[in-house]
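Number of protein chains: 2
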Amino acid sequence: MTHFGPTIREIREQLREGDRRYSVRQVAQRVGIEPAYLSKIERGEVAPPSEATTVRLARELGEDADVMLALAGKISADLQAIIRKRPRLFADLIRQLKEAPDEAVLRVVREVRDGNW
Amino acid sequence: MTHFGPTIREIREQLREGDRRYSVRQVAQRVGIEPAYLSKIERGEVAPPSEATTVRLARELGEDADVMLALAGKISADLQAIIRKRPRLFADLIRQLKEAPDEAVLRVVREVRDGNW
DNA sequence: CGTCATGTGTCGTATTTAGTACACATTTGT
DNA sequence: ACAAATGTGTACTAAATACGACACATGACG
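Residue numbers (the working numbering), protein chains in the order written: chain A, -19 to 97; chain B, -19 to 97.
Given below as structure tokens:
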């Protein structure tokens, strides 16, 4: 969708400055994909990988999985499952929060975390 | 996933009691798909249709699109877009609300609707 | 200077998604 | 009785998804 590939590349290259195990080949091997495939992903020559692969890649690069999935144009299957169990409720909530500033959403998160129910 | 097909069938057959324009063929035509395809969908012989088709079908049957999409194992693209814009925020919020009772979620929805921000 | 690792180009493929097209036997309506 | 409408079985398909395999030129470095 957006610059998933280039972002990955940038992060990997940053990590590489200090640690040469972050080459395309070695990262690909640890993530469990072909180096050529990772190379294509980073250059945006192919679409972002599957959710599972994206998550493994995020972990390997020390990034937040939900953020990487978002860059890949996806949403974690576990979040989807939660929403699907109460579609009306969550659909309303999310659409309500569309324009709300981060601050407001955060307040709600904290409120819920502190178990006001 | 669940009983998307049979649910559709039930709803359509209900509507049909009072209005014979709700045959497989006529509904299919209005929705813009082949009757054979709708038939297979209703019997669960094939997977639920695409988001666009599901939404048109829901409208045609007077059902909530988000609920029908949920039955189809999907989540509306517009909701996904909202989440993807602030993945960390929404991921946290949704996971927090996973176990919260409907009541608590509703309270949050109202709170936000009444614009406390 | 040789070799080893690196990034990438090319080609191929299995699986899933999202349907269409047609024919046919069976009601249903008049 | 007969035409029209109905539901469904069978067969096919175009496009997208998610990769793997291999070869090759270039560069790093000991």
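Note that the Cβ used here is the ideal one computed from N, Cα and C, for glycine as well.
Just so we're clear, the structure is a prediction, and the values are computed from it rather than from any experiment.
Subject >> Candidates I21/B, E(-7)/B, V88/B and G53/B, of which the one nearest D58/A by Cα >> reply: Within the first sequence, residue 58/A is the residue found at index 78, counting from 1. Measuring from the Cα of D58/A, the nearest candidate turns out to be G53/B.
Original post:
Are the C-beta of R93/A and some C-beta of chain B separated by less than 8 angstroms?
Top reply: Counting from one through the first sequence, the residue named residue 93/A turns up at place 113. Answer yes: the Cβ-Cβ gap between R93/A and chain B drops below 8 angstroms somewhere.
Original post:
In three-state DSSP terms, what is T(-18)/A?
Top reply: Stepping through the first sequence from its first residue, residue -18/A is reached at position 2. It is coil, neither helix nor strand.
Original post:
In three-state terms, what does DSSP make of I62/A?
Top reply: Position 82 of the first sequence, counted from the start, is the residue given in the question as residue 62/A. I62/A falls in the helix class under three-state DSSP.
**OP:** Please compile the residues from chain A whose C-beta is within a distance smaller than 7 angstroms of the C-beta of D46/B.
**Re:** By 1-based counting over the second sequence, the position of residue 46/B is 66. Here the neighbours are P67, R68 and A71.
**OP:** Determine whether the Cβ of Q103/B lies closer than 8 angstroms to any Cβ atom of chain A.
**Re:** No answer is possible for residue 103/B: it lies beyond the span of chain B, which begins at -19 and ends at 97.
Original post:
Which first and last residues belong to the alpha helix (DSSP H) in which R87/B is found?
Top reply: As a first step, residue 87/B must be located in the second sequence, where it is residue number 107. Counting along the chain, the alpha helix (DSSP H) containing R87/B begins and ends at D82 to R93.
Original post:
Going by beta carbon distance, what residues of the same chain come within less than 8 angstroms of D44/B, once the five residues before and after it are set aside?
Top reply: On the second sequence, residue 44/B is found 64 positions in, with the first residue counted as 1. A38, listed in sequence order.
**OP:** Give the interface partners of V4/A over in chain B, defined as CB-CB distance under 9 angstroms, in chain order.
**Re:** Reading the first sequence from its first residue, position 24 is the one you call residue 4/A. Going along chain B, no residue has its Cβ under 9 angstroms from V4/A, so there is no contact; the nearest lies around 26 angstroms.
**OP:** Taking I55/B and R75/A to be in contact with their CB atoms under 8 angstroms, please state how far apart those CB atoms are, rounded to whole angstroms.
**Re:** Here residue 55/B refers to the residue found at position 75 of the second sequence. Here residue 75/A refers to the residue found at position 95 of the first sequence. In fact, because the Cβ distance is near 12 angstroms, the residues do not count as touching under 8 angstroms.
**OP:** For chain B, find out if any of its Cβ atoms is closer than 8 angstroms to the Cβ of A50/A; answer yes or no.
**Re:** Locating residue 50/A in the first sequence gives position 70, where the first residue counts as 1. It does: the Cβ of A50/A has a partner Cβ on chain B nearer than 8 angstroms.
Subject >> Reduced DSSP category for L51/B - H, G, I as helix; E, B as strand; rest coil >> reply: Here the question's residue 51/B lines up with position 71 in the second sequence. DSSP places L51/B in helix when its eight states are reduced to three.
**OP:** Could you tell me which chain B residues have their CB closer than 9 angstroms to the CB of I(-12)/A, listed as they occur along the chain?
**Re:** Translated into positions along the first sequence, residue -12/A becomes position 8. Going along chain B, no residue has its Cβ under 9 angstroms from I(-12)/A, so there is no contact; the nearest lies around 16 angstroms.
**OP:** Report the neighbours of L(-5)/A on chain B: residues whose CB is nearer than 9 angstroms to its CB, in chain order.
**Re:** Along the first sequence, read from residue 1 onward, the residue named residue -5/A stands at position 15. Here the premise fails: no neighbours, minimum Cβ distance about 21 angstroms.
Original post:
Is G12/B near the ligand MN, in the sense that its beta carbon is under 7 angstroms from a heavy atom of that ligand?
Top reply: Among the ligands in the structure shown, none appear at all, so the ligand MN cannot be discussed.
Subject >> Reduced DSSP category for V7/B - H, G, I as helix; E, B as strand; rest coil >> reply: Locating residue 7/B in the second sequence gives position 27, where the first residue counts as 1. V7/B falls in the helix class under three-state DSSP.
Original post:
Between D94/A and A32/B, what straight-line distance do the alpha-carbon atoms span, to the nearest angstrom?
Top reply: Translated into positions along the first sequence, residue 94/A becomes position 114. Translated into positions along the second sequence, residue 32/B becomes position 52. Their Cα atoms are separated by approximately 39 angstroms.
Original post:
In three-state terms, what does DSSP make of G(-2)/B?
Top reply: Indexing the second sequence from 1 puts residue -2/B at position 18. In this structure, G(-2)/B counts as helix in the three-state DSSP scheme.
Original post:
Less than 8 angstroms separating the beta-carbons of V92/A and V88/B?
Top reply: By 1-based counting over the first sequence, the position of residue 92/A is 112. By 1-based counting over the second sequence, the position of residue 88/B is 108. Yes, the Cβ-Cβ distance between V92/A and V88/B is below 8 angstroms.
Original post:
So, is the C-beta of L86/A closer than 8 angstroms to a C-beta in chain B?
Top reply: Looking up residue 86/A in the first sequence gives position 106. It does; some Cβ of chain B falls within 8 angstroms.
Original post:
Which residues in the same chain as R(-4)/A place their Cβ atom closer than 8 angstroms to its Cβ, once the five residues preceding and following it in sequence are excluded?
Top reply: For the purposes of this step, residue -4/A is taken as the residue at position 16 of the first sequence. For R(-4)/A, where only same-chain residues beyond five positions count, the Cβ hits under 8 angstroms are Y2 and S3.
**OP:** Return the Cβ separation of E25/A and I(-12)/A in integer angstroms, given the expectation that the two are a contact with Cβ distance under 8 angstroms.
**Re:** Translated into positions along the first sequence, residue 25/A becomes position 45. Translated into positions along the first sequence, residue -12/A becomes position 8. Actually they do not touch by this definition, with Cβ atoms about 13 angstroms apart.
Original post:
Can you find a C-beta in chain B that's less than 8 angstroms from the C-beta of R64/A?
Top reply: As a working mapping, residue 64/A is identified with position 84 in the first sequence. R64/A counts as touching chain B.
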